[in-house]
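*Asks:* Chains as they are written, first to last, in the numbering used here: chain A, 2 to 584; chain B, 3 to 113.
Note that beta-carbon positions come from the ideal geometry of N, C-alpha and C, so glycine has one too.
From a predicted model like this one, the values you see are computed outputs, not experimental measurements.
Let me begin by handing over the structure; questions about it come next.
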Amino acid sequence: MAKRQQKRNELVPLTVRGIRKAPTGVEGFDQITSGGLPQGRPTLVCGSAGCGKTLLAMEFLVRGATLFDEPGVFMSFEESSQELVENVRSMGFDLSDLEAKKKIVLDFVRIEREEVEETGEYDLEGLFIRLGFAVQSIGAKRVVLDTIEALFAGLPNEMIVRAELRRLFRWLKENGLTAIITGEQGTGTLTRHGLEEYVADCVILLDHRVSEQVTTRRLRIVKYRGSSHGTNEYPFLIGDSGISVLPITSLRLEHKAPTDRVSSGIASLDEMFSGEGFYRGSSILLLGSPGTGKSSVAASFVDATCRRGERCLLVAYEESSDQIVRNMHSIGIDLGQWIDQGLLRVHATRPTLYGLEMHLWRLRCLVESFNPAVVVIDPLSNLSLSMPAWELKPTLMQLVDLLKSRGITALFTSLVSEGAFMEEPHIGISSLMDTLISLRNIEADRERNRILSVIKSRGMTHSNQAREFILSNNGVYLVDIRVVEEKVLIGTARASYEAGERASVGLRRQRAERQARRTARKRKAIETRIAAFEAELEAEAELETDEADFLAAQEVAREQTQRLPGQLRMGDTGELLDQKKIT
Amino acid sequence: MKQKNGSSGDEAAPSEVYSLRLYVAGQTPKSLIAFANLKRICEQHLAGRYCIEVIDLILQPQLAKGDQILAIPTLVRKLPSPMRKIIGDLSNEERVLVGLDVRLVPKKIIA
């Protein structure tokens, strides 16, 4: 409860100009009224049967008592105290406990026309005393009268009732009580008995309409004296923790943009995003015609997320949890193990089960309770079954914002009809997405092949090339598309081209090897011959040296013999020693 | 007294005792008129077999819830059951008697 209170308080602006307001604590309501209901004044809540008037009033009281320390009195003219306690128990409101703690007083006013005989003058002082007593007993600041119109049915004299109602509302104001008065919608008027005549400060209209067999609840502030307020019709939900008003247009773009990346689970797809995958906290939309493998890409992403040990929420609008696990086994992805480990939660419902607001709200509850790092919605386009496109977009915008504000990476798949212009999905949400991936079936040469391309990816370089997308027993992978002679080859054509290429590569290699062998042989032969020549040359050279030595020796001998007589004659004394040496 | 004896003989259930409760809020003119009217009617038609309890809600506000009191003044017939309520200052005797389910005894016979 403390967490909830904190969250609620954030929604209430710190300074509220103009009149003082009493925060209701109803999710989203204080946002559109910039603070809550006018404090110390009565507010009229009107609407047709079953539109949630009593519940709104009850939540206002319960939240007031539990969150804002403002005890309250619930004066019911329709349901007994016991019935009220039981009806709101499912929302987690324990009225008996609050009554015991003197935070809330339930007072059931029963009027049976048949039991009452009227004679002469009277007033409704008894009602005032009862209300006054209840207010005093717990020091109440808030009052609910649900629905006071029962007085018109129960009391014969309308004149008196009207006069007394006027006095009652004045009494409420004088006592500074913030009050909700509920009233049944009349034909052409806000309330059947014209209560709006008396309660002029704030009027809220609740509506419950059915379109395309799906009901949506809407809330509109008809008037709010002395305060600015949202004028739109806001969808609201009655969930299992009370009312949530969804103020689509008041959401701001304030989310952080993380820079770290998460893998898509397909290595070759990550490569297309500069090798690192998607940004954490970004929104990715997979567009594709039937059977292009959107769910398989999504499953790979889920698998990769769980493998990292992060939690993942898979919202499936087409297949049941079991079916998804079985089908993904066929491409070698075992999602069952992650479900068992509690890392993966599969939320499978039919989109037509409730209105889009309800889906959104449920998703929000799941996100809040499960706190996943990644949310995968497969397929988003099925939601459009339950509502027209123009209504879908704002809600999806809110969904994307909800996930972004929590830093959750979101992957959506969307079905587009075959042959549709891929870049513009029919729900017109591509502008909300950070990354758009298109999956196509290309039919050529009597076969279908899947082509994946990245249409956009904000804030990162990404491949501009289409890849062939292959689902195998071992998962999903991408193959570069072959372009040969300006023809795109995919599927069998690519495979056969590649096989042919492989074969011709083999042949070339063989030829090259043969050539190499032949060259080697030739070289060997030449080398042998070179060796032979060299040996011959060497022999020749040896012969030459021998001859030279012989000639030199001969010369020496001859010189010696020529010099010898001179020596003997001692004619040349200078050289005597040398010659002696030589000899 | 005569009235009582005479009428009791003619009533279908003569032993019935009327236990009445008049809710008022302070000594307002309307309350006083209502009490005076009630007293007169009872004396006239139910003499000796009625009792009136006046509850001032200003003094005992917690009692308003029990009998589902909204209008002031309100006369509640606690007995004989079922409970019946008459709101207003009880100025129309005939309607009071209808409301209390007291059968009118023709006055001639009694006289």
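At 9 Å on the CB atoms, spell out the chain A contacts of residue 21 of chain B, in chain order.
*Replies:* Under the 9 Å cutoff, chain A gives no residues; its nearest Cβ is about 16 Å from residue 21 of chain B.
*Asks:* Determine the closest residue to residue 268 of chain A out of A:476, A:149 and A:450, with distance taken between C-alpha atoms.
*Replies:* When each option's Cα is compared against that of residue 268 of chain A, the closest is A:476.
*Asks:* Suppose you measure from the CA of residue 424 of chain A to the CA of residue 51 of chain A; what does that come to, to the nearest Å?
*Replies:* Any reading at residue 424 of chain A must be qualified, since the residue scores a pLDDT of 46, below 50, and its modelled position is unreliable; the value itself is stated next. Near 43 Å, if we compare the C-alpha coordinates of residue 51 of chain A and residue 424 of chain A.
*Asks:* Out of A:463, A:492 and A:486, which has the shortest C-alpha to C-alpha gap to residue 469 of chain A?
*Replies:* It is A:492 whose Cα lies nearest to the Cα of residue 469 of chain A.
*Asks:* For residue 127 of chain A, would you say it is in contact with chain B, using Cβ-to-Cβ distances shorter than 8 Å as the test?
*Replies:* Cβ-Cβ to chain B under 8 Å: yes for residue 127 of chain A.
*Asks:* Looking only at its chain, what residues have a beta carbon closer than 6 Å to the beta carbon of residue 438 of chain A, apart from the 5 residues adjacent to it on each side?
*Replies:* If we look at residue 438 of chain A and ignore the five residues flanking it on each side, its Cβ neighbours are 287 and 455.
*Asks:* Residue 366 of chain A: which of A:398, A:478, A:403 and A:335 sits nearest, CA to CA?
*Replies:* Here the closest residue by C-alpha is A:403.
*Asks:* Can you look up residue 523 of chain A in the DSSP assignment and give me helix, strand or coil?
*Replies:* In this structure, residue 523 of chain A counts as helix in the three-state DSSP scheme.
*Asks:* Compute the distance between the beta-carbons of residue 42 of chain B and residue 20 of chain B, then report whether it is under 8 Å.
*Replies:* No. Outside cutoff.
*Asks:* Between the region 120-127 of chain A and the region 85-105 of chain A, are three or more C-beta pairs nearer than 8 Å?
*Replies:* Too few Cβ pairs lie closer than 8 Å, so no.
*Asks:* Can the beta-carbon of residue 64 of chain B be found closer than 8 Å to that of residue 237 of chain A?
*Replies:* Going by C-beta atoms, residue 64 of chain B is not nearer than 8 Å to residue 237 of chain A.
*Asks:* Take residue 315 of chain A as the anchor and find which of A:279, A:359, A:263 and A:380 has the nearest alpha-carbon.
*Replies:* That would be A:380, whose Cα lies nearest to the Cα of residue 315 of chain A.
*Asks:* Mind listing the chain A neighbours of residue 25 of chain B? Cutoff is C-beta to C-beta under 7 Å, in chain order.
*Replies:* 127, listed in chain order.
*Asks:* Note down, in chain order, every chain A residue with its Cβ under 7 Å from the Cβ of residue 89 of chain B.
*Replies:* Chain A residues near residue 89 of chain B: 117, 119 and 123.
*Asks:* Check whether chain A comes within 8 Å of residue 93 of chain B, counting only Cβ atoms and requiring the distance to be less than that.
*Replies:* Closer than 8 Å to some Cβ of chain A, the Cβ of residue 93 of chain B qualifies, so yes.
*Asks:* So which residues of chain A does residue 104 of chain B contact, with C-beta pairs closer than 7 Å?
*Replies:* Within chain A, no residue comes near residue 104 of chain B; the closest Cβ sits about 12 Å away, beyond 7 Å.
*Asks:* In chain B, which residues lie with their C-beta within 9 Å of the C-beta of residue 133 of chain A?
*Replies:* What residue 133 of chain A touches in chain B: 63.
*Asks:* Alpha carbon to alpha carbon, how far is residue 482 of chain A from residue 529 of chain A?
*Replies:* If you take the alpha carbons of residue 482 of chain A and residue 529 of chain A, they lie about 53 Å apart.
*Asks:* So which residues on chain A does residue 67 of chain B lean against when the C-beta distance must stay under 7 Å?
*Replies:* Simply 108 and 131.
*Asks:* Quick check on the DSSP output: what are the complete beta strand (DSSP E) runs of length 3 or more inside the region 160-214 of chain A, in order along the chain?
*Replies:* As far as the region 160-214 of chain A is concerned, its whole beta strand (DSSP E) runs of at least 3 residues are 179-185 and 203-212.
*Asks:* Under 8 Å, do residue 265 of chain A and residue 441 of chain A count as touching if we go by C-beta distance?
*Replies:* No, Cβ-Cβ distance for residue 265 of chain A and residue 441 of chain A is not below 8 Å.
*Asks:* Beta-carbon of residue 11 of chain A versus every beta-carbon of chain B: anything under 8 Å?
*Replies:* Confidence at residue 11 of chain A is low in this model, with a pLDDT of 46, below 50, so the placement of that residue should be treated as unreliable; the coordinate-derived value is given next. Taking Cβ atoms only, chain B never reaches closer than 8 Å to residue 11 of chain A, which makes this a no.
*Asks:* In chain A, which residues lie less than 7 Å from residue 98 of chain B when you measure between Cβ atoms?
*Replies:* Residues of chain A passing the Cβ test: 120.
*Asks:* So, is residue 261 of chain A buried or exposed, given that buried needs 16 or more other C-beta atoms within 10 angstroms?
*Replies:* Classification of residue 261 of chain A: exposed, given that the 10 Å Cβ count is below 16.
*Asks:* Quick check on the DSSP output: the alpha helix (DSSP H) that includes residue 436 of chain A runs from which residue to which?
*Replies:* That residue, residue 436 of chain A, is in no alpha helix (DSSP H); its beta strand (DSSP E) goes 436-445.
*Asks:* Using DSSP bridges, identify the partner residues of residue 410 of chain A.
*Replies:* Paired residue(s): A:375.
*Asks:* Express the C-alpha separation of residue 417 of chain A and residue 34 of chain A in angstroms, rounding to a whole number.
*Replies:* Roughly 39 Å separates the two Cα atoms.
*Asks:* Flag residue 18 of chain B as yes if its beta-carbon sits less than 8 Å from any beta-carbon of chain A, otherwise no.
*Replies:* Answer no: the Cβ-Cβ gap between residue 18 of chain B and chain A never drops below 8 Å.
*Asks:* Measuring straight from C-alpha to C-alpha, what distance separates residue 147 of chain A and residue 173 of chain A?
*Replies:* Rounded to whole angstroms, residue 147 of chain A to residue 173 of chain A spans 15 Å at the Cα level.
*Asks:* Beta-carbon of residue 168 of chain A versus every beta-carbon of chain B: anything under 8 Å?
*Replies:* For residue 168 of chain A, the answer is no, since every Cβ of chain B falls outside 8 Å of its Cβ.
*Asks:* Would residue 102 of chain B be called buried (16 or more neighbouring beta carbons within 10 Å of its own) or exposed?
*Replies:* That one is buried.
*Asks:* Using 8 Å as the limit for Cβ to Cβ distance, is residue 351 of chain A near chain B?
*Replies:* So no, residue 351 of chain A is outside the interface.
*Asks:* What did DSSP end up calling residue 226 of chain A once you bin it into helix, strand or coil?
*Replies:* Reduced to three states, the DSSP call for residue 226 of chain A is coil.
*Asks:* Starting from residue 30 of chain A, trace the alpha helix (DSSP H) in both directions and tell me its first and last residue.
*Replies:* Looking at the DSSP string, the run of the alpha helix (DSSP H) that includes residue 30 of chain A is 30-33.
*Asks:* Which residue comes first and which comes last in the beta strand (DSSP E) that contains residue 73 of chain A?
*Replies:* Residues 73-77.
*Asks:* Would you mind sorting residue 462 of chain A into buried or exposed? The rule is 16 or more other CB atoms within 10 Å of its CB.
*Replies:* Its Cβ having fewer than 16 others within 10 Å, residue 462 of chain A is exposed.
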